[in-house]
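Right, one structure below, let's go through it.
There are 2 protein chains.
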Amino acid sequence: MLSMPRRVALPTNQPDDAEDPANQHGPDALARLRRELARGTAELAVLSVLTSGRRYGYELLKLLERTGAGVLEVKEGTLYPLLHRLEDAGQIAATWEVEGRARPRKYYDITPAGRAHLAVLRAEWTELVNAMHRLLDALDKVEK
Amino acid sequence: MLSMPRRVALPTNQPDDAEDPANQHGPDALARLRRELARGTAELAVLSVLTSGRRYGYELLKLLERTGAGVLEVKEGTLYPLLHRLEDAGQIAATWEVEGRARPRKYYDITPAGRAHLAVLRAEWTELVNAMHRLLDALDKVEK
DNA sequence: GCACATACCTTGTTACGCAAGGTATGCGGT
DNA sequence: ACCGCATACCTTGCGTAACAAGGTATGTGC
Numbered sequence: 068m069l070s071m072p073r074r075v076a077l078p079t080n081q082p083d084d085a086e087d088p089a090n091q092h093g094p095d096a097l098a099r100l101r102r103e104l105a106r107g108t109a110e111l112a113v114l115s116v117l118t119s120g121r122r123y124g125y126e127l128l129k130l131l132e133r134t135g136a137g138v139l140e141v142k143e144g145t146l147y148p149l150l151h152r153l154e155d156a157g158q159i160a161a162t163w164e165v166e167g168r169a170r171p172r173k174y175y176d177i178t179p180a181g182r183a184h185l186a187v188l189r190a191e192w193t194e195l196v197n198a199m200h201r202l203l204d205a206l207d208k209v210e211k
Numbered sequence: 068m069l070s071m072p073r074r075v076a077l078p079t080n081q082p083d084d085a086e087d088p089a090n091q092h093g094p095d096a097l098a099r100l101r102r103e104l105a106r107g108t109a110e111l112a113v114l115s116v117l118t119s120g121r122r123y124g125y126e127l128l129k130l131l132e133r134t135g136a137g138v139l140e141v142k143e144g145t146l147y148p149l150l151h152r153l154e155d156a157g158q159i160a161a162t163w164e165v166e167g168r169a170r171p172r173k174y175y176d177i178t179p180a181g182r183a184h185l186a187v188l189r190a191e192w193t194e195l196v197n198a199m200h201r202l203l204d205a206l207d208k209v210e211k
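So the sequence lines, in the order shown, correspond to chains A and B.
Going by my numbering, the first sequence opens with residue 68, and the numbers climb by one from there.
Going by my numbering, the second sequence opens with residue 68, and the numbers climb by one from there.
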């Protein structure tokens, strides 16, 4: 314990309370915060949307952007690699459609494997939400 | 469109449905899935716990490990850097306590700035959960 | 002495999400 | 014809949080 302070109950970092709350919630900080919170939910969101029917990539982009005030929004750099990953894993199937269209589109369908995976994801998400709910709303009930 | 398939509505990846569901949910895959889903929630969880009273690092580790069947578990490599980040940001205060103990412990208290930040985090988390809830339970009601 | 628990620290790796860049075509206006 | 914008898809480098794994140190029981 050579590097340990010898003084008793001395705060190691005095926060400046009057300034930090204001500076921390500008547009950039809020965007980062949202990003981090929503991280990991893209897969669940995409598979969920696909259960109600096939969609092409750009359509998924637009749809997720509009869902829930944008909290589920993902960017192309996220969505397309994710779609490719899901396809490689056999959870979705992709088909190019060219006939009867002015331009081709790549449609995605969820597979039975994808539906099975989604069921697991849903269960895990529910657990997470319930656990967090317990923390946020009933902290004194958490066992020690 | 030189690289575009010329055939119509041809699946680009034929999944093997009988095998994928079984192989994807072994212990490692489930652990990865949980990790990704919970990603970004550590900060919310830690600040929430601290609102009901000061705690030292190891205690937080154990407590989160036990909460909700382990879905909120974080490892040291995650927790301590997070605690340091929160301290640097003025959201928590850290104090070493050595007197009257067999060994020193580093206690963490949430600051007023931390409480303000937590309120924002909670609001964003609630939005995310509601949005996802809408996707999962009422897909046909999502606007096109 | 040793093994394990308690308590904290740190770094390199992993993996996802974003920014930014790219390709291509269609459409409307000039 | 050109241009700007929309539609549609692709990809890579960067940033960041989480983990694995390594480390320090002390206390306890055998």
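Cβ atoms here follow ideal geometry from the backbone N, Cα and C, with glycine treated the same way.
Starting from residue i, find everything on chain A with Cβ-Cβ shorter than 8 Å and list it in chain order.
| i | result |
| --- | --- |
| V141 (chain B) | The premise fails here: V141 (chain B) is roughly 12 Å from chain A at the closest Cβ pair, so nothing lies under 8 Å. |
Residue range of the beta strand (DSSP E) that residue i falls in?
| i | result |
| --- | --- |
| A112 (chain A) | From DSSP, A112 (chain A) is part of no beta strand (DSSP E) but of the alpha helix (DSSP H) over 109-118. |
| R172 (chain A) | 172-177 |
| E164 (chain A) | 159-164 |
Could you pull the start and end residues of the alpha helix (DSSP H) that residue i belongs to?
| i | result |
| --- | --- |
| T145 (chain A) | 143-155 |
| E293 (chain B) | Absent from the structure is residue 293 (chain B), since the part of chain B shown begins at 68 and ends at 211. |
| R133 (chain B) | 124-133 |
Taking the alpha carbon of residue i as the point to measure from, which residue in the options has its own alpha carbon closest?
| i | options | result |
| --- | --- | --- |
| R182 (chain B) | B:Y147, B:V141, B:V113 | B:V113 |
| L97 (chain B) | A:R201, A:H200, A:N197, A:R189 | A:R189 |
| Y174 (chain B) | B:E103, B:T118, B:R122 | B:R122 |
| G102 (chain B) | B:H151, B:V196, B:A180, B:T145 | Here the sequence assigns Arg to residue 102 (chain B), which means Gly is not the residue at that position. Minimum Cα distance to R102 (chain B) is reached at B:T145. |
| I159 (chain B) | B:L104, B:W192, B:G124 | B:G124 |
| L150 (chain B) | B:L139, B:L128, B:A186 | B:L128 |
| E154 (chain B) | B:E164, B:D176, B:V196, B:S115 | B:D176 |
| A140 (chain A) | A:V187, A:A156, A:V116 | One detail in the question is off: residue 140 (chain A) reads as Glu in this sequence, not Ala. Among A:V187, A:A156, A:V116, the Cα nearest to that of E140 (chain A) is on A:V116. |
| G120 (chain A) | A:R152, A:T178, A:E143 | A:T178 |
| L100 (chain B) | A:L104, A:E191, A:E126 | A:E191 |
| T118 (chain A) | A:T193, A:L195, A:E194, A:A180 | A:A180 |
| A156 (chain A) | A:R172, A:E143, A:L185 | A:L185 |
Strictly below 7 Å CB to CB, what residues from chain A border residue i?
| i | result |
| --- | --- |
| L146 (chain B) | Per Cβ cutoff of 7 Å: no residues; L146 (chain B) is ~15 Å from chain A at best. |
| R101 (chain B) | E191 |
| E132 (chain B) | Ordered by position in chain A, no residue passes the 7 Å Cβ test against E132 (chain B), which lies about 12 Å from the chain. |
| A169 (chain B) | Under the 7 Å cutoff, chain A gives no residues; its nearest Cβ is about 12 Å from A169 (chain B). |
Residues of chain A with CB under 9 Å from residue i, in chain order?
| i | result |
| --- | --- |
| L111 (chain B) | L104, M199, L202, L203 |
| G124 (chain B) | Simply none; closest approach about 13 Å. |
| L188 (chain B) | L100, L104 |
Should residue i be counted as a contact of the ligand ATP given a C-beta to heavy atom distance under 6 Å?
| i | result |
| --- | --- |
| R172 (chain A) | What this structure holds is no ligand at all, so the ligand ATP is not there to describe. |
So which residues on chain B does residue i lean against when the C-beta distance must stay under 7 Å?
| i | result |
| --- | --- |
| A98 (chain A) | Neighbours of A98 (chain A) on chain B: none; closest Cβ ~11 Å, over 7 Å. |
Can you pull the chain B residues whose beta carbon is under 9 Å from the beta carbon of residue i, in chain order?
| i | result |
| --- | --- |
| L195 (chain A) | R101, L104, A105, T108, G135, V138, L139 |
inquiry  = Using a Cβ distance threshold of 8 Å, determine whether the region 164-177 of chain A contacts the region 104-113 of chain B, with at least three qualifying pairs required.
reply    = no
query = Three or more beta-carbon pairs under 8 Å between the region 129-145 of chain B and the region 189-202 of chain A, yes or no?
reply = yes
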